[in-house]
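So the protein sequences, as listed, match chains A and B. Residue numbers for the first sequence follow numbering that gives the first Met the number 0, so the first one is 0 and each next one is one higher. Residue numbers for the second sequence follow numbering that gives the first Met the number 0, so the first one is 0 and each next one is one higher. Just so it is clear, CB atoms sit at the ideal spot from N, CA and C, and this is done for glycine as well. This report refers to the structure that appears directly beneath it.
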Amino acid sequence: MPITVIEPTGSGISLFAALAEYGEYSALLRYLTLRDLRLRFQSPLLGIVWVTLMPLLPAAIFATIFARILQPSTGGVPYSLYALAGFVPWTFFSTSVSTASMTFVWNANLLNKVYFPRAVLPASAMLASSAELGAGLVLVCGYSVWRGYPPLLSWLWLPVLAVYVAAIAFLVSLGLATANALNRNVKFAIPFLMQIWIYATPVVYPISIVPARTRLILGFNPLTGALDAFRAALLGTPMDHTLFLLSLASTAIFAVGSVGLFRHFEALLAERV
Amino acid sequence: MTPAISARGLTKRFPIQRGNSTRGNDTFLALDDLHFDIEPGQAVGIVGSNGAGKSTLLKILARILPPTSGRAVLHGRVGSLLEAGAGFHPELSGKDNIFLAGALLGMKEGEIRRRLDEIVEFSGVGEFLDSPVKHYSSGMYMRLAFAVAAHIEPEILLVDEVLAVGDAQFQKKCLQRMESLSQNGQTVVFVSHSMQAVSRLCQRALWIDRGKLRMQGPVAEVVAGYLKEGQANTGEQVWPEGPHAPGDEYVRLRRLRVASSDGKTATSINIGEDFTIEFAYEVTIGGLVLFPALRIFNEWGTEVLWTTDSSSPEHGRPREPGRYECVVNFPKNMLSEGLMAVSVSMTSLCPTRTHFSEADAIHFQAMEIIDGTTSRGGYTEAVTSMLRPLLDWSVRVESLC
Chain A
0 MPITVIEPTG SGISLFAALA EYGEYSALLR YLTLRDLRLR FQSPLLGIVW
50 VTLMPLLPAA IFATIFARIL QPSTGGVPYS LYALAGFVPW TFFSTSVSTA
100 SMTFVWNANL LNKVYFPRAV LPASAMLASS AELGAGLVLV CGYSVWRGYP
150 PLLSWLWLPV LAVYVAAIAF LVSLGLATAN ALNRNVKFAI PFLMQIWIYA
200 TPVVYPISIV PARTRLILGF NPLTGALDAF RAALLGTPMD HTLFLLSLAS
250 TAIFAVGSVG LFRHFEALLA ERV
Chain B
0 MTPAISARGL TKRFPIQRGN STRGNDTFLA LDDLHFDIEP GQAVGIVGSN
50 GAGKSTLLKI LARILPPTSG RAVLHGRVGS LLEAGAGFHP ELSGKDNIFL
100 AGALLGMKEG EIRRRLDEIV EFSGVGEFLD SPVKHYSSGM YMRLAFAVAA
150 HIEPEILLVD EVLAVGDAQF QKKCLQRMES LSQNGQTVVF VSHSMQAVSR
200 LCQRALWIDR GKLRMQGPVA EVVAGYLKEG QANTGEQVWP EGPHAPGDEY
250 VRLRRLRVAS SDGKTATSIN IGEDFTIEFA YEVTIGGLVL FPALRIFNEW
300 GTEVLWTTDS SSPEHGRPRE PGRYECVVNF PKNMLSEGLM AVSVSMTSLC
350 PTRTHFSEAD AIHFQAMEII DGTTSRGGYT EAVTSMLRPL LDWSVRVESL
400 C
């Protein structure tokens with residue numbers, strides 16, 4: 000028979016026991032994700048058009064304007080393909096963080112009426128956004144073939160890297176969602192954060208135009224190495240291993256910070272939100 | 000035996016919010032050092048007036064809020080039902096919502112699938128199962144919500160006043176369901192304003208008074224103690240002169256009371272005797288045709304009756320400025336037992352304007368003394384009808400064997 004001990008915050012359960020509880024609630028995670036998907040794709044055709052346009056539109060704009068003015072060197076890769084390969088993971092990251100970081104605030108009533116392991120909310124929002132990432136992968140692979148870059152064996156890494164980007168998105172969302180519940184001003188900062196973040200990530204420009212020292216600083220942005228690896232896997236270009244290791248290290252730092260913040264305030268979410 | 004729930008020194012302080020900040024050390028002590036044990040298989044009611052801390056206690060036991068200090072240990076799977084329909088999404092179909100709400104309450108997918116037919120049957124939504132719940136009537140919505148919750152089978156079930164909604168027939172069904180849960184050996188903790196529901200469902204009760212555990216014990220003793228204190232009932236309310244009384248520039252409410260047959264203000268009346276409800280109002284701008292009305296609600300929130308001054312010569316005539324006293328006589332053998340809430344309102348027509356409408360302004364307990372003079376005669380089992388008229392039966396013995 001399960002035993003529940005209720006104590007003041009700070010004497011919480013171990014991380015292992017907490018994770019085991021998420022296993023118990025896997026059905027909830029699945030239904031919440033399905034709910035979000037069902038609501039988003041209520042008219043499936045429009046949903047698909049929308050999901051395709053999201054990375055396509057900014058990539059097209061940058062390809063027509065940015066490429067003409069600055070003529071960034073992409074090592075011979077057509078700039079439109081280069082930009083799309085950046086916007087597919089980026090658009091997913093930015094939309095999923097923007098929605099998932101609001102989930103505690105949007106579900107305040109639910110938090111106050113039902114007990115469930117709280118991280119299910121941002122996790123399900125992130126999972127629902129993954130539909131966009133999946134569609135984006137198909138889109139960018141298709142475009143790549145069309146532009147004369149046939150499928151490579153390294154494409155098998157693309158889904159793995161997509162999962163990695165999703166994991167970064169979840170970790171960032173978990174911390175932001177907690178901060179958002181504690182202080183409502185955070186939600187106003189998120190759009191700014193995303194605007195700065197896109198330029199701190201080699202989405203529209205190649206990392207090679209960045210001076211070596213700045214490159215290391217940008218490397219602490221976990222998306223930098225992730226996007227670099229994503230492009231390398233897609234186009235068969237060489238990959239910067241230092242950047243990827245830096246990305247893994249900074250993801251680990253994000254994980255500790257985000258999960259730590261969340262676990263510290265988890266029990267108080269209902270009354271603070 | 001290990002208690003299903005044991006609480007030691009449970010205390011909860013809330014910061015008092017000033018504007019938007021929580022600065023300063025002002026706190027409100029919502030629960031103050033609660034100690035109690037609840038044995039497995041018991042149904043325990045939590046009673047107390049509004050704001051006493053009942054719901055806070057339930058939320059702590061449900062792990063929605065953490066205590067500030069103290070500790071509680073629960074043995075067994077815990078299910079809580081603090082709001083029927085939590086997690087329901089209006090755009091989703093009834094069926095999708097069953098799965099979502101079931102998972103929220105901690106049910107596994109297989110469990111929900113197994114019980115789906117039962118849940119659908121209990122809710123009675125039948126053919127509407129695949130339409131979005133936004134098209135449901137509010138009654139259907141509540142029935143579906145409770146149906147899901149009623150089919151979780153945890154060892155410990157925490158229930159807040161979810162029964163205060165829905166029609167009388169459905170409420171009865173909900174109570175029966177909870178009764179059967181506790182008979183199956185589940186521990187039920189039930190917060191309710193309805194003394195009748197608590198008495199019927201629970202063996203024991205906790206009385207919480209301003210955050211403190213005032214009394215615990217067999218349900219009859221605790222409920223009697225609580226009712227005697229009169230916190231549940233206010234038989235009279237008087238409003239001060241001036242603009243703070245309910246009303247507007249035309250007319251204001253001054254006083255409202257319920258009186259037993261001896262003319263005294265009462266918090267409980269005997270349904271086998273006449274009683275009156277009296278109220279006074281003051282007209283400040285004359286010329287309007289006013290319709291004063293009284294409504295009586297039973298503890299399920301069902302409107303038992305509505306009455307206006309149609310039998311008085313003042314009815315339908317413009318009121319001159321001045322003070323008016325109404326005495327409404329209620330004959331014996333009309334109401335059923337239970338806690339009654341009285342609402343009073345004042346309306347004028349053309350254009351329709353509500354000058355005041357005081358919901359639940361006073362309460363009284365309608366009680367029955369079983370002495371053979373009421374409609375039940377010598378019958379002693381529970382009678383759940385809303386009205387209890389003493390009707391004329393003529394019985395002719397056709398033949399005897």
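Straight across, the Cα-Cα distance linking Ile63(B) with Leu9(B) is about 14 Å. With a minimum length of 3 residues, the unbroken runs of beta strand (DSSP E) contained wholly in the segment 220-292 of chain B fall at 235-237, 250-259, 267-269 and 274-282.
The beta carbon of Pro330(B) is closer than 7 Å to those of Asp273 in its chain, skipping five residues each way along the sequence.
Distances from the alpha-carbon of Ser246(A) to those of Leu110(A), Pro221(A), Ile68(A) and Lys186(A) put Pro221(A) closest. Per DSSP, Tyr24(A) has no beta-bridge partner at all.
In this chain, the alpha helix (DSSP H) harbouring His240(A) covers His240 to Phe264. Taking the Cα positions, Glu90(B) is about 41 Å away from Arg70(B). Of all residues in the segment 64-77 of chain B, only Leu64, Pro65, Pro66, Thr67, Ser68, Gly69, Arg70, Ala71, Val72, Leu73, His74, Gly75, Arg76 and Val77 come within less than 8 Å of chain A when Cβ atoms are compared, listed by chain position. Checking the DSSP bridge columns, you'll see Gly44(B) partnered with Phe189(B) and Ala204(B).
When DSSP reads this structure, Trp305(B) sits in a beta bridge with Arg294(B).
Contact between the segment 211-225 of chain A and the segment 24-37 of chain B is absent: fewer than three C-beta pairs spanning the two stretches fall below 8 Å. Put simply, the CB of Phe278(B) is far from chain A, with every gap to its CB atoms at 9 Å or more. In the displayed model, Ser79(B) falls within a strand according to three-state DSSP. Taking C-beta separations shorter than 6 Å and ignoring five residues to either side along the sequence, the partners of Asp35(A) in its chain run Ala127, following chain order. Listed along chain A are Ile5, each with a C-beta nearer than 7 Å to that of Ile59(B). Within the segment 76-142 of chain A, the complete alpha helix (DSSP H) segments of 4 residues or longer fall at 78-99, 102-105 and 107-112, listed in chain order. For the pair Ile151(B) and Gly78(B), the CB atoms are nearer than the 9 Å cut-off. Within the segment 109-125 of chain A, contact with chain B at the beta-carbon level (separation under 8 Å) is assigned to Leu109, Leu110, Asn111, Lys112, Val113, Tyr114 and Phe115. The C-alpha of Thr51(A) is placed about 13 Å away from the C-alpha of Phe40(A). Using a Cβ-Cβ cut-off of 9 Å, Glu272(B) does not count as an interface residue toward chain A, since no Cβ of chain A sits closer than that to its own.
Residues of chain A with a Cβ closer than 8 Å to the Cβ of Leu104(B) are, in chain order, Val113.
Using a CB distance cut-off of 9 Å, Gln41(A) counts as an interface residue toward chain B. Taking a C-beta distance under 9 Å as the contact criterion, Phe290(B) and Ser347(B) qualify as a contact pair. Taking 9 Å as the upper bound on Cβ-Cβ separation, chain B lies near no residue of the segment 214-226 of chain A. Between Ser129(A) and Phe91(A), the C-beta gap is smaller than 9 Å, which places the two residues in contact. Burial is judged here by how many other beta carbons sit within 10 angstroms of a residue's own beta carbon; Arg387(B) has at least 16 and is buried.
Chain-order list of chain A residues neighbouring His88(B): Arg34, by C-beta distance under 7 Å. Residues of chain B whose Cβ lies closer than 8 Å to the Cβ of Glu270(A) are, in chain order, Phe13 and Leu64.
In this structure Glu160(B) touches Ser191(B) by the C-beta definition: roughly 5 Å separates them, less than 8 Å. Between Ile276(B) and Asn332(B) a beta carbon distance of about 17 Å is seen, past the 8 Å cut, so the two are scored as non-contacting. In summary, Pro54(A) is buried, with 16 or more beta-carbon neighbours lying within 10 Å of its beta-carbon over all protein chains present. Chain B places a beta carbon closer than 9 Å to that of Met0(A), counting this residue as a contact. Across the set Val218(B), Gly210(B), Gln185(B) and Lys53(B), the C-alpha of Val218(B) shows the shortest separation from the C-alpha of Val197(B).
Shown in chain order are the members of the segment 253-269 of chain A whose Cβ falls below 8 Å from a Cβ of chain B: Ala266, Leu267 and Ala269.
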